[in-house]
């Protein structure tokens, strides 16, 4: 068995060894000419090429698109309009009344997304923390419960949306249960507040496990002797949580908050499948607005969609920079300790 | 020997991934059973034409709506496609005229709808309608009978139909009296029946007129009053298309306004669950108009195999093939010769189907000129989209009707300006 493995290993590594021998001479020459920095650049080049091709270039093209109009796909065939698409998106007669905005549905989507981010992230963090605290205790069948909470993370967002639509639909499982108990059915997805709450609830259900897992890792890294000392001092559980658990969980918590914020700003698939943006525009979020304008409408406007996506990208960049800054601050604190 | 095997394996893998000269890709979506019929016809075509490899790519309607245009703008896409957004995409269609063995056959039999799929002022032959459709209603006659309510007869108005269906709904405890598909196309026949005309004197979209306002107001009132099923229009945003066929099939509504393309779907899914009839279009103040339309099979001008594409198109446009396709799919034929001969042997044992097809043929004579002009009008799509988007906002309580009319005009003007 070992002999077969050895042979297989030799077959796999032989070409690599041969390649390394071929490259050795030019690489040594390169190192002599450019020094260590040159070698770093050489090894970074493949990643940078991929990043440029699939991230940087599309971003630049998208910015260029946002300054054009028309239905043509290729940039040279499109009409340059400068900042007109941004003006169209941002122009309002009265910013306290979204109906006076030229692109009222962009503003409605922005307002909905803002509300969604605040509510969903807050509730998600609270729920994920409680879940992590429970899963951190010595429960029976702990692995089973951890799997239960993590399972929805493994589902495709479209499947999540379909499952919950099947439950919340007018003829869905929930209404069937209500009718079975002698109660009146409720149009869960046709009433604005219910539909918005459903979008929040379903996305929390879908992502809770992921964030709870990050917090659980943080909880398990807290030294047990701190809790033992608190217990010997007769400290109340609430005080233990606020004075020991939460401060020591903060590095993980910050990661969770920023990741949850970014995901919430990008909300689309589960909510779109669940509510289609309705009732009316009650659950129309920014990503759906961009999708509708750029792809789904009968007369597509890729320039306007690109401008909206650049504005949304700006928000995401701010959140990402926030995450980086917080990460660095935590790193510095860790070094100081 | 080993080298030969490696060369053969490489060759086989290349064959599998590279399009060969003679390949013709056909993008096809289905409303009902026509995908099955097409598979059979494609297999027969490939057997009879060994030099051409016709590949049927069956896709969802959403793919045709959302992705095909992007592929076409990029100068790629299939060689042939079945589409409904025919006029807007007309610049991408191939003029088959120089490749056809008998262009006159096409002009004679498909000429009546040729303008629907070519640019204004062009005389190109770009394809043909796989079927003609007409918007119209369906009633669950079993529910009407059980409720003791008579089906409204000839000349019945929209109010007559909604009131009758409402009595049935109350008697039988259905979710609502009726539903209309969430589509601007679907409400345009009724709008015209109330006197609407979307096309201005300059050929561009006219401002929302009294006809459109009259029917839009009715729609909103019917949703508020609970007669019209809220789910279809309110539970979505933007111009998202939603059909209410499943609600009719599940007997959740006694009256459903959609179109002739639903006949095969209803027959297949309802079976002998209940009896249903096609009702034609209820009347407004100006007439009882539905809206004609349909799906076209069009050749794409970016094809590398125009001659082969023309051969495929000629096959599907043959009189005997059109007749067979119509009989098996229960679609109204767009071929003048087939329609004139009139001896179609609809392949169904469902009596509801034959009566429904007859009803739609009769209703076709009722369409008004303002409706007949829409399929060949290039700005119909933005009008349809704006109508759905804004009227559903009114239904959801987000806009007043007056605000919605102003928004519809603004949306259409902006879309037209962006597309020009």
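Residue numbers (the working numbering), protein chains in the order written: chain A, 280 to 616; chain B, 2 to 421.
Ideal placement from N, C-alpha and C gives every residue a C-beta, glycine not left out.
Could you name each continuous alpha helix (DSSP H) segment of 4 residues or more that falls completely within the stretch 406-439 of chain A, going from the start of the chain to the end? 421-433
By Cβ distance, which residues of its chain are closer than 6 Å to residue 273 of chain B, with the 5 residues on each side in sequence left out? none
Does the beta-carbon of residue 2 of chain B have 16 or more other beta-carbons within 10 angstroms, so that it is buried, or is it exposed? In this prediction, residue 2 of chain B scores a pLDDT of 44, lower than 50, which makes its location untrustworthy; the coordinate-derived value is nonetheless stated afterwards. Label assigned to residue 2 of chain B: exposed.
Under DSSP, the alpha helix (DSSP H) around residue 83 of chain B begins and ends at which residues? Per DSSP, residue 83 of chain B belongs to no alpha helix (DSSP H); it is in the beta strand (DSSP E), 81-84.
Quick check on DSSP: helix, strand or coil for residue 285 of chain A? helix
Which of helix, strand or coil DSSP assigns to residue 568 of chain A: helix
Tell me the DSSP bridge mates of residue 229 of chain B? B/179
Does chain A have any CB closer than 8 Å to the CB of residue 67 of chain B? yes
Beta-carbon separation of residue 390 of chain A and residue 377 of chain A under 8 Å? yes
Under 8 Å between C-beta atoms, does residue 190 of chain B make it to chain A? no
Please classify residue 511 of chain A: is it buried, with 16 or more other beta-carbons within 10 angstroms of its beta-carbon, or exposed? exposed
Check each residue of the stretch 217-239 of chain B: if its Cβ is closer than 7 Å to any Cβ of chain A, include it; give the result in chain order. 231, 232, 235, 236, 237, 238 and 239
Three-state class that DSSP yields for residue 467 of chain A in the structure shown: coil
Compare the C-beta of residue 294 of chain B with all C-beta atoms of chain A and state if any pair is closer than 8 Å. no
To the nearest angstrom, report how far apart residue 29 of chain B and residue 579 of chain A are at their CA atoms. 22 Å
Measuring only between beta-carbons, confirm whether residue 449 of chain A sits less than 8 Å from chain B. yes
Segment limits, alpha helix (DSSP H) that includes residue 333 of chain A: Taken as a continuous stretch (DSSP letters only), residue 333 of chain A belongs to no alpha helix (DSSP H), as it is neither H nor E.
Should the stretch 468-480 of chain A be regarded as contacting the stretch 373-387 of chain A, the criterion being three or more beta carbon pairs within less than 8 Å? no
Near-chain A residues of the stretch 398-415 of chain B - C-beta to any C-beta below 9 Å: 398, 399, 400, 404, 408, 411 and 415
Hey, would you say the C-beta of residue 363 of chain B is under 7 Å away from at least one heavy atom of the ligand ATP? The ligand content of the structure shown is nil, which means the ligand ATP is not present either.
I'd like to know if residue 141 of chain B contacts chain E, where contact means its C-beta is closer than 8 Å to some C-beta of that chain. Any reference to chain E falls outside this structure, whose protein chains are A and B.
Bridge partner(s) assigned by DSSP for residue 94 of chain B: B/301
Pair every Cβ in the stretch 112-124 of chain B with every Cβ in the stretch 227-238 of chain B, then say whether three or more of these pairs are closer than 8 Å. no
Near-chain B residues of the stretch 557-569 of chain A - C-beta to any C-beta below 9 Å: 557, 558, 559, 560, 561, 562, 563, 567 and 568
Roughly how many whole angstroms lie between the Cα atoms of residue 501 of chain A and residue 507 of chain A? 12 Å
Taking only the alpha-carbon atoms, compute the straight-line gap between residue 379 of chain B and residue 204 of chain B and give it to the nearest angstrom. 9 Å
Cutoff 8 Å: residue 54 of chain B Cβ touching any chain A Cβ: no
Residue 259 of chain B - DSSP class collapsed to helix/strand/coil: strand
Assigned exposure category for residue 242 of chain B - 16 Cβ within 10 Å defines buried: buried
Compute the Euclidean distance between the alpha carbons of residue 315 of chain B and residue 345 of chain B, then round it to the nearest angstrom. 21 Å
Quick one: list the residues of chain A neighbouring residue 385 of chain B, beta-carbon separation under 8 Å, in chain order. 577
Short Cβ contact (8 Å threshold) for residue 172 of chain B with residue 277 of chain B: no
Look at the alpha carbon of residue 557 of chain A and the alpha carbon of residue 523 of chain A, and state the distance between them as a whole number of angstroms. 44 Å
Residue 341 of chain A: which of A/369, A/592, A/329 and A/596 sits nearest, CA to CA? A/592
Which stretch, first to last residue, makes up the alpha helix (DSSP H) that contains residue 110 of chain B? 104-111
Using the beta-carbon count (16 or more within 10 Å), is residue 421 of chain B buried or exposed? exposed
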